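Since the structure comes first, as structure tokens, the remarks are kept for the end.
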Amino acid sequence: MFVRNSWYIAAWGDELGQAPLARRILGEPVVLFRDKSGKAAAIADRCCHRGTPLSLGEVVESGLQCGYHGMVFDGAGRCVQIPGQDKIPASAFVPAYPVIERDHFIWIWMGEAAKADPARIIDASYHDDAGHWAERHDRLHIAGSYLLMIDNLMDLTHLGYVHRRTIGGNPSQHVNAKMETARTQTGVRFTRWMLNSPPPPTYVKAYGFKGRIDRWQEFEWVAPSNVLQWTGAKDAGTGAYEGNRAGGFQFKVFHGLTPETETSCHYYFATANGWAPENDAASDLFFRESRETFREDKNVVEQQQARLDEFGEDWLVNIVSDGTRVQMRRVLDGMLADERRTMAAE
Amino acid sequence: MFVRNSWYIAAWGDELGQAPLARRILGEPVVLFRDKSGKAAAIADRCCHRGTPLSLGEVVESGLQCGYHGMVFDGAGRCVQIPGQDKIPASAFVPAYPVIERDHFIWIWMGEAAKADPARIIDASYHDDAGHWAERHDRLHIAGSYLLMIDNLMDLTHLGYVHRRTIGGNPSQHVNAKMETARTQTGVRFTRWMLNSPPPPTYVKAYGFKGRIDRWQEFEWVAPSNVLQWTGAKDAGTGAYEGNRAGGFQFKVFHGLTPETETSCHYYFATANGWAPENDAASDLFFRESRETFREDKNVVEQQQARLDEFGEDWLVNIVSDGTRVQMRRVLDGMLADERRTMAAE
Amino acid sequence: MFVRNSWYIAAWGDELGQAPLARRILGEPVVLFRDKSGKAAAIADRCCHRGTPLSLGEVVESGLQCGYHGMVFDGAGRCVQIPGQDKIPASAFVPAYPVIERDHFIWIWMGEAAKADPARIIDASYHDDAGHWAERHDRLHIAGSYLLMIDNLMDLTHLGYVHRRTIGGNPSQHVNAKMETARTQTGVRFTRWMLNSPPPPTYVKAYGFKGRIDRWQEFEWVAPSNVLQWTGAKDAGTGAYEGNRAGGFQFKVFHGLTPETETSCHYYFATANGWAPENDAASDLFFRESRETFREDKNVVEQQQARLDEFGEDWLVNIVSDGTRVQMRRVLDGMLADERRTMAAE
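Set out below in structure tokens:
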């Protein structure tokens, strides 16, 4: 069961060129394509004539042409051409999904089209601000539920174990951090502050800190399926905790987890170098190391999913660090219940 | 559900040497073998003793010997030998299937043996007439229903899309062809005539036409699972349309689609060069290019099958070119109903 | 359905080093590990916190640490550490399985722990007697039920067919052997004697027999899942049949078949050179040839399993050589019924 009335990431904009792109989203096979003007569209990836995936076809002047018998569909899913036939039956259409391209993402709305308000799209406009945030991105397929990936991102106690060989460091080093968790209008956010603390070696190396620092890790889950990370440090006492995070060492990571099926998802991630955006080598290196880290998460979550597939979840035991997860599930359950209620009323 | 009382192609004769050959046909695992005299036989590919595939065994004097404990079965499925045991239980037999080798094919009858009339086997005797028809053949496995392949062959509107890179040419070039579709005693046949038309470049190159031609494409579906194609051209007005197709540029293609399961089939195809049968290079080239074309069909049909597996067929919309398909399905439904009626009465 | 109250082979001792070892046994994912003292333990391979396989983790001072959030479990399955949390909930444990390492095997008990009597472990102490029995071992995964492998081992009529290219020899050569089959306290044993018979060429080559020999093949099934083989020959009339098998040409093979699932198993096998234990080359060669033979069995049994999966067993016909198999199944059915009865009574 998925929250349908929400914007999900369907693809990176640069994944979609002249050829149509097949991708399963919320269980549905979808084909993305750009019309001749370059505008992205998304329709069901199955021709209403004989069922062939439309992604086998190609873009023509009036839309996407099926690669089997040549029927053409526009971005609204309407059949606009049938070779050798003038009349187009009213029943000749496929489902279409609202799509908006913004901040390097192609966002898709898999629910009721009338409710697809572009104002609800998450703001990632810093992706377009290369002068301050040097962005790099990629995508991983995860053979595990998007929920398990969200859980992973919102519980950092895994760092010392899953990422032992990459970013983990000493598992217990963050135990005394000041942790603030809050319900937001659109999800849950936590911030961990290590005020007036010695800078870790990688920070010193990257930025050249001379003395103690105020350091933060902020993760905001925007329900149902995205997590915005903002991590950094400034010289101690220079106002970061009070809200002025400008300057210093910092980066943002966008984690977009779009359900493919109930037990698999697409992981769209982008790193943004905010400490030296003009330094391409630093941006590249940071991106590559982050991607390695995410592959470690992928490995754990996929094996976790296999066990949950086999044994369910009833036997699992919560520990203290599951607080955020429990809170997130409650938010999600509320959204799903709302959606069911609305659908029943309509 | 399959029409069982019909001859299906089980294999090419040259596929079956001294070793037994395993092949699933109409859902049943079958083993084909040649006895010591070279005569082909077909029995169930599962020993009645412990279930082992008999295709793991080898041919001995009295039949096919199981590779596990050495029981021997003759071509009628009877156990004729049990090592270390004189008495053979009456229950020791496996299902057997009538088989006839003819015209390079091994034909099999998966229904009631008493009804297996060899006179009902499709005539492909031109395969034995190398002086007029130079034959080449092969086999493809298709992860799609044989019905989808039949649909494909009997609706040429796909040529301009699926075979764009091979034989497709201009999708609209055939729109004004004269099309004759007819119910036959054993299926459906259509013939397209392009009378007094300019020869396509490949025809000119292959045959050296100087002027306009009368050109035909004939496809005959012989229910349930074979399609006979005869395509060619002669100088305009030299009698082809009236029935004299001798001479000129022409070829035949035998398309045999034998169900493996409900959603997969074996595609036996043979091309026959009828314009220059003595020209081996031409026969080889034409065969190889045809095979590439059939691989394009395979790709489309397999992806179509995946969608039909997931979504069924109720949502599909017929267009004008589906006429032949609808007619064929009606014929098939009639055959299946007849078979059910007969079985109920017996 | 498996007999649970029995010792099964979980692994070869030398398969388990410092890293945990994942293995599915009787349908359950199990993780084997050695604590810091080297003692082997086995617990369920799924963390009770979030389900992650514990085999992704690593051994620490107090037990096996989950590779996701760092919980530690001891060999009894108790959670003994939760990072960042002092109190450990009583519900934080995973199933544990009694384990005993002996004779190169790690034995596991998947049933009621209270009944895990080490005295019931099969004696393979000759594995530790390198001076008389030079042991070599390995493991194969079999995509077939352990029952089919037991059937295979306890019915040697397959030798002439399955192992035609290896040890089979003439299928009929053993027909006149003296066969003694007996129910034992723990299973079924058969012994075949070829008294005062000419030695086969391989025996002459390996041992240098000059005249006739008394030759035996003994196979003992110890229910539910192991077969002990003892094969050899001595000069005729020197007492082998009367019980004195010392000297001469002989070897033992331990065949351990541990169910992985209902339709797959782990095959642990060990050969022991008892004729020239000091001859490493002979031991190695004999082991490698045996392994080839077992791969032939694997191939047949896996294909047999596929047929039984599809068609069941009701259509199968018993022959004379199935006597031992029928007897074994009766023993097993009795054990399973006993276990059900006991569980119902408790």
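Chains as they are written, first to last, in the numbering used here: chain A, 1 to 346; chain B, 1001 to 1346; chain C, 2001 to 2346. Backbone N, C-alpha and C define an ideal beta-carbon position, used for all residues, glycine too. Given the structure is predicted, the values throughout are model-derived calculations rather than measurements.
Assuming residue i is part of the beta strand (DSSP E), what are its boundary residues?
i	result
SER197 (chain A)	187 to 197
SER264 (chain A)	264 to 273
ASP2235 (chain C)	2226 to 2235
TYR1008 (chain B)	1007 to 1012
GLN1085 (chain B)	No beta strand (DSSP E) holds GLN1085 (chain B); DSSP gives it neither H nor E.
THR261 (chain A)	249 to 261
VAL2059 (chain C)	2058 to 2060
Quick one: list the residues of chain C neighbouring residue i, beta-carbon separation under 8 Å, in chain order.
i	result
GLY1067 (chain B)	TYR2161, VAL2162, VAL2300
LEU308 (chain A)	GLY2051
Return the first residue and the last residue of the alpha helix (DSSP H) that residue i is part of.
i	result
PRO201 (chain A)	201 to 207
THR2184 (chain C)	THR2184 (chain C) -> no alpha helix (DSSP H), and no H or E assigned at all.
LYS2298 (chain C)	2280 to 2311
LEU2148 (chain C)	2146 to 2153
ARG1329 (chain B)	1323 to 1345
Just to confirm my understanding: we take residue i, look at its own chain, exclude 5 residues before and 5 after, and list those with CB closer than 7 Å. What are they?
i	result
ALA1345 (chain B)	none
THR1199 (chain B)	One point to set straight first is that residue 1199 (chain B) is Pro, not Thr, in the sequence displayed. Excluding residues within five positions, the ones whose Cβ falls inside 7 Å are PHE1209, ILE1213, ALA1233.
ALA1040 (chain B)	LEU1016, LEU1032, ARG1034, VAL1099, GLU1101, ILE1106
ILE121 (chain A)	TRP7, ILE100, ARG102, TRP107
MET1 (chain A)	LEU336
ARG2365 (chain C)	Lying outside 2001 to 2346, the shown extent of chain C, residue 2365 (chain C) is not represented and no answer is given.
Closer than 7 Å by beta-carbon distance: list the chain B residues that pair up with residue i, in chain order.
i	result
HIS49 (chain A)	LEU1316, VAL1317, ILE1319
Mark residue i as exposed unless 16 or more other C-beta atoms lie within 10 angstroms of its C-beta, in which case mark it buried.
i	result
THR1324 (chain B)	buried
ARG50 (chain A)	buried
ASP338 (chain A)	exposed
GLN1018 (chain B)	exposed
PRO1118 (chain B)	exposed
ARG1288 (chain B)	exposed
ALA182 (chain A)	exposed
MET343 (chain A)	exposed
ASN273 (chain A)	buried
ARG341 (chain A)	exposed
GLY1090 (chain B)	Here residue 1090 (chain B) turns out to be Ala, not Gly, going by the sequence shown. Exposed, since its Cβ has fewer than 16 Cβ neighbours within 10 Å.
Show which residues of chain A have a CB atom less than 9 Å away from the CB atom of residue i.
i	result
GLN1018 (chain B)	Neighbours of GLN1018 (chain B) on chain A: none; closest Cβ ~42 Å, over 9 Å.
With a CB to CB cut of under 8 Å and the five nearest residues on each side skipped, what residues in its chain are close to residue i?
i	result
PRO2277 (chain C)	ALA2130, GLY2131, HIS2132, TRP2133, ALA2134, SER2283
GLY1013 (chain B)	ALA1040, GLU1101, HIS1104, PHE1105, ILE1106
VAL2080 (chain C)	SER2062, GLY2063, VAL2072, PHE2073, ASP2074, ILE2088
GLN327 (chain A)	THR181, ARG183, VAL188
ASP1309 (chain B)	THR1263
Since residue i meets chain A, which of its residues come closer than 8 Å, beta carbon to beta carbon?
i	result
GLN1304 (chain B)	ARG50, GLY51, THR52, PRO53, TYR68
Please work out which residues of its chain come closer than 6 Å, Cβ to Cβ, to residue i, disregarding the five sequence neighbours upstream and downstream, and give them in chain order.
i	result
GLN1229 (chain B)	PHE1219, VAL1253
MET1194 (chain B)	ALA1177, ARG1215
ARG4 (chain A)	MET110, GLY111
LYS1298 (chain B)	LEU1140, ILE1142
ALA1146 (chain B)	Ala is not the amino acid found at residue 1146 (chain B); the sequence shown has Tyr there. Counting only Cβ-Cβ distances below 6 Å, and skipping sequence neighbours, we find SER1225, LEU1257, PRO1259, CYS1265.
ALA236 (chain A)	ASN196, ARG212, ILE213, ASP214
Which residues in chain B have a C-beta closer than 8 Å to the C-beta of residue i? List them in chain order.
i	result
THR2157 (chain C)	HIS1069, GLY1070, PRO1083, GLY1084
ARG46 (chain A)	ARG1307, PHE1311
Which residues in chain C sit within 7 Å of residue i, going by Cβ to Cβ distance?
i	result
ALA1076 (chain B)	Near ALA1076 (chain B) there are no residues of chain C at all, since even the closest Cβ is about 17 Å away, more than 7 Å.
SER1091 (chain B)	VAL2317
From this set, the options, which residue's C-alpha is nearest residue i's C-alpha?
i	options	result
GLU2180 (chain C)	C:ASP2014, C:TYR2241, C:HIS2158	C:TYR2241
ASN1244 (chain B)	B:ILE1142, B:VAL1320, B:TRP1216, B:HIS1266	B:TRP1216
TYR203 (chain A)	A:LEU156, A:THR258, A:TRP275, A:GLU302	A:TRP275
LEU156 (chain A)	C:LEU2159, C:ASP2314, C:TYR2068, C:ALA2116	C:TYR2068
GLY70 (chain A)	A:PHE287, A:ALA281, A:GLU58, A:ARG183	A:GLU58
GLN1065 (chain B)	C:TYR2161, C:ALA2236, C:GLN2065	C:TYR2161
ALA2044 (chain C)	C:GLY2038, C:LEU2054, C:LYS2036	C:LEU2054
VAL188 (chain A)	A:SER197, A:LYS36, A:ALA10, A:ARG330	A:ARG330
ARG46 (chain A)	A:VAL326, A:LYS36, A:GLU61, A:VAL72	A:VAL72
VAL1222 (chain B)	B:HIS1158, B:PHE1190, B:ALA1206	B:PHE1190
Name, please, each residue of chain A whose Cβ falls closer than 7 Å to the Cβ of residue i.
i	result
LEU2056 (chain C)	VAL300, GLN303
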